[in-house]
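> Per UniProt numbering, residue 1 is the first one in the sequence shown, and the count goes up by one each step.
First, the structure itself, so that you have it in front of you.
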Amino acid sequence: MTSLNLVDHPELITERAGNGWTILRLNRPKSLHALDESLSRAIFEVLIQLAVDDETQAIWFDSSTQKSFCAGGDVRQLRQMSLDGNPAGADMFFKEEYAADLMLHQFSKPIVVWGEGYVMGGGMGLLMSAPFRLVTPNSKLAMPEINIGLFPDVGGSRFLAERGLVGLFLGLTGAMLDAGDAHALNWATHISHLSKEDVLAKLIQLDWSVQESATGHYHLVADALANIHRPVIGEALSHSLDQILQVCRGVNFLEDYQAITVLSELSSNHWLKQAADNLKNGSPSTAALTWLLWQWASRVDRPWPQVFNLERQLAEWKIRHPDFNEGVRARLVDKDNAPVWQVQHVESLAQALGAMPEADDESWREVLKQFGVV
């Protein structure tokens, strides 16, 4: 393999793998490859260059360790910016992160993401932005923002809504999925029991000349990955779907919230009980915002630029909400897992929010009006 110096960033490795394949590799192992502003910007800038690079026919995107592809955004750094009186710095992080995600969505060449290990939050944003999303038997996927007082962003507004009531449940609870469940939900397109080196070696053998158009290249990659895919049965969703649909109906926030949280005491299903505990102990403002965003994105097929524009504005609001600083403190800084949320007892949707999540999207304002937030 040949190193590329497209962007001078020590935490993003770029290499030529041969036969038109270019590798992007996250390299922040101590933070499980969490994204910060500079890394997100580097991803965006590299993609800009690779989009017009004649030697690049397709991209392989992974990390330098097996433990995690990307465990999310560097929320500890974002919290510190807020405490230091620099929320504008945190705003810039979201702007750069969403720009990278949108570029991945709109990229004209095949992108294969190797989602091994933990794929959470911002890592899910990268994964779900790619057309080919590989996981392995040790992959663990989640949108766990309920635990830290943020909200399922990085396109989660749309990709959770696209998965119906199960998506709403996963957004509200931050429940973790294994490879089988991720594939069943189409969070993953393929499951591989081979190592990434073996999979990449097979992809490098593709004969691009067989299908010279961009669409043809996608078909070539899809066919190769279909031969690699080995399905496994998920351990959680298949045993929990009926109960999920009973407790999460997407009609009334308070009814959904109460029905899910009561599973913490009543369910004998360990996965459901953990999911319910997450919501019960999580940020009420995050739960309310997640529920409203699911309503917004479920109504029509929202274009990705609109999704990221709304999420950016709501992220600017949410990191200034006291639940964000407190959630990150309790979960990742002091690690006492005893957050003191702004709202302690959820009595209504508007009360759970604790403040007004304004944005300039008229369709978002209509949702707020419909559910009595304004």
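From the three backbone atoms N, C-alpha and C, an ideal C-beta is built for every residue, glycine too.
Quick caveat, the model's predicted, so the values are computed rather than measured.
Under a three-way DSSP split, which group does G164 fall into?
Counting from one through the sequence shown, the residue named residue 164 turns up at place 164. Three-state result, G164: helix.
> Run the CB neighbour count on H33, radius 10 Å, all protein chains shown included, and call it buried at 16 or more, exposed below.
The sequence position of residue 33 within the sequence shown is 33, counting from 1. Answer is buried; the Cβ neighbour count reaches 16.
> How is T22 classed by DSSP in three states: helix, strand or coil?
On the sequence shown, position 22 is the one that residue 22 refers to. Three-state DSSP puts T22 in a strand.
> Assuming W294 and L160 make a contact with CB atoms under 8 Å, what is their CB distance in whole Å?
Taking the sequence shown and counting its residues from 1, one reaches residue 294 at position 294. Taking the sequence shown and counting its residues from 1, one reaches residue 160 at position 160. That belief holds up - the Cβ atoms of W294 and L160 are roughly 6 Å apart, short of 8 Å.
> Measuring alpha carbon to alpha carbon, tell me which residue in L4, T22, Y98 and E37 is nearest W304.
Against the sequence shown, residue 304 aligns to sequence position 304. Answer by Cα proximity: Y98.
> Name the residue from Q258, G354 and I228 whose alpha carbon lies nearest to the alpha carbon of W114.
As a position in the sequence shown, residue 114 is number 114, starting the count at 1. With distances taken between Cα atoms, W114 lies closest to I228.
> What ranges does the beta strand (DSSP E) occupy inside the segment 254-301, keeping only unbroken runs of at least 3 residues that lie completely in it?
none
> Applying the criterion that 16 or more other CB atoms from any shown protein chain within 10 Å of the CB defines a buried residue, is A88 buried or exposed?
Residue 88 sits at position 88 when you count from the first residue of the sequence shown. Under this definition A88 is an exposed residue.
> So residue 460 and N337 are supposed to be a Cβ contact under 8 Å. How far apart are they, rounded?
Only positions 1 to 374 of the chain appear in the structure, and residue 460 is not among them; the question remains open.
> A222 to F69, Cα distance in whole Å?
Translated into positions along the sequence shown, residue 222 becomes position 222. Translated into positions along the sequence shown, residue 69 becomes position 69. The alpha-carbon atoms of A222 and F69 are separated by roughly 21 Å.
> What did DSSP end up calling R76 once you bin it into helix, strand or coil?
On the sequence shown, residue 76 is found 76 positions in, with the first residue counted as 1. In this structure, R76 counts as helix in the three-state DSSP scheme.
> Can you name the start and end residues of the alpha helix (DSSP H) that G122 belongs to?
In the sequence shown, residue 122 corresponds to position 122, counting from 1. From DSSP, the alpha helix (DSSP H) with G122 extends over G122 to M128.
> Could you name the residues that DSSP lists as bridge partners for T14?
Mapped onto the sequence shown, residue 14 falls at position 14. Its beta-bridge partners are L24.
> Using beta-carbon positions only, say whether R158 and R302 come within less than 8 Å of one another.
Taking the sequence shown and counting its residues from 1, one reaches residue 158 at position 158. Taking the sequence shown and counting its residues from 1, one reaches residue 302 at position 302. In contact: R158 and R302 (Cβ atoms closer than 8 Å).
> May I ask you to list the residues that DSSP assigns as paired with D242?
As a working mapping, residue 242 is identified with position 242 in the sequence shown. Answer is none; D242 lacks a bridge partner.
> Beta strand (DSSP E) containing F61: first to last residue?
Position 61 of the sequence shown, counted from the start, is the residue given in the question as residue 61. From DSSP, the beta strand (DSSP E) with F61 extends over A58 to S63.
> DSSP three-state label for W187, please.
Along the sequence shown, read from residue 1 onward, the residue named residue 187 stands at position 187. Reduced to three states, the DSSP call for W187 is coil.
> Under 6 Å Cβ to Cβ from A236, same chain only, skipping five residues before and after it: list those, please.
In the sequence shown, the residue the question calls residue 236 occupies position 236. Cβ within range, chain order: D181 and W271.
> Is the segment 119-126 close to the segment 70-77, with three or more CB pairs under 8 Å?
yes
> Under the rule that 16 or more other beta-carbon atoms within 10 Å means buried, what is V340, buried or exposed?
Here residue 340 corresponds to residue number 340 of the sequence shown, with the count starting at 1. V340 is exposed by the Cβ-count criterion.
> Given V346, which residues of its chain have a CB within under 6 Å of its CB, disregarding the five upstream and five downstream residues?
In the sequence shown, counting from the first residue as 1, residue 346 sits at position 346. Taken in chain order, the residues that qualify are Y257, P284 and A352.
> Assign I148 to buried or exposed, taking buried as 16 or more other Cβ atoms, counted over all protein chains shown, within 10 Å of its Cβ.
Against the sequence shown, residue 148 aligns to sequence position 148. The residue in question, I148, is buried, as its Cβ has 16 or more Cβ neighbours within 10 Å.
> Quick one: grab the DSSP three-state call for F371.
Indexing the sequence shown from 1 puts residue 371 at position 371. DSSP places F371 in the coil class of the three-state scheme, outside both helix and strand.
> Can you check DSSP and say which residues form a bridge with R133?
For the purposes of this step, residue 133 is taken as the residue at position 133 of the sequence shown. Answer is V113, bridged to R133.
> Tell me whether N147 counts as near the ligand PLP, meaning its Cβ is closer than 7 Å to at least one heavy atom of that ligand.
You won't find the ligand PLP in this model; it holds no ligand whatsoever.
> When you compare the CB positions of R133 and T189, do they come within less than 8 Å of one another, or not?
Counting from one through the sequence shown, the residue named residue 133 turns up at place 133. Counting from one through the sequence shown, the residue named residue 189 turns up at place 189. Cβ atoms of R133 and T189: closer than 8 Å.
> To the nearest angstrom, report how far apart P357 and A350 are at their CA atoms.
Taking the first residue of the sequence shown as 1, we reach residue 357 at position 357. Taking the first residue of the sequence shown as 1, we reach residue 350 at position 350. Cα to Cα, the separation comes out at about 10 Å.
> Out of curiosity, what's the CA-to-CA distance linking residue 443 and E37?
Residue 443 lies beyond the range of the chain shown here (1 to 374); nothing can be said about it.
> Name the two residues that bound the continuous alpha helix (DSSP H) containing K140.
What you label residue 140 is simply residue 140 of the sequence shown in a count that begins at 1. Run containing K140: none in the alpha helix (DSSP H); it sits in the beta strand (DSSP E), K140 to A142.
> Could you check whether the segment 167-183 touches the segment 98-107, counting it as contact only if at least three pairs of C-beta atoms, one from each stretch, sit closer than 8 Å?
no
> Look at E145 and T286 and say whether their C-beta atoms are less than 8 Å apart.
Residue mapping note: residue 145 aligns to position 145 of the sequence shown, counting from 1. Residue mapping note: residue 286 aligns to position 286 of the sequence shown, counting from 1. It is a contact, given that the beta carbons lie within the stated cut-off.
> Taking 8 Å as the cut-off, decide whether the C-beta atoms of R76 and V333 are in contact.
In the sequence shown, counting from the first residue as 1, residue 76 sits at position 76. In the sequence shown, counting from the first residue as 1, residue 333 sits at position 333. The answer is yes: Cβ separation under 8 Å.
> How big is the Cα-Cα spacing for T22 and L203?
Working through the sequence shown from its first residue, we reach residue 22 at position 22. Working through the sequence shown from its first residue, we reach residue 203 at position 203. Distance between the alpha carbons of T22 and L203: 11 Å.
> Tell me whether L177 sits in a helix, a strand or coil according to DSSP, three-state version.
On the sequence shown, position 177 is the one that residue 177 refers to. The answer is strand: DSSP assigns L177 an E or B state.
> Less than 6 Å between C-beta atoms, sequence neighbours within five positions excluded: which residues of the same chain meet that for P110?
In the sequence shown, residue 110 corresponds to position 110, counting from 1. Contacts found: A58, H217, Y218 and V221.
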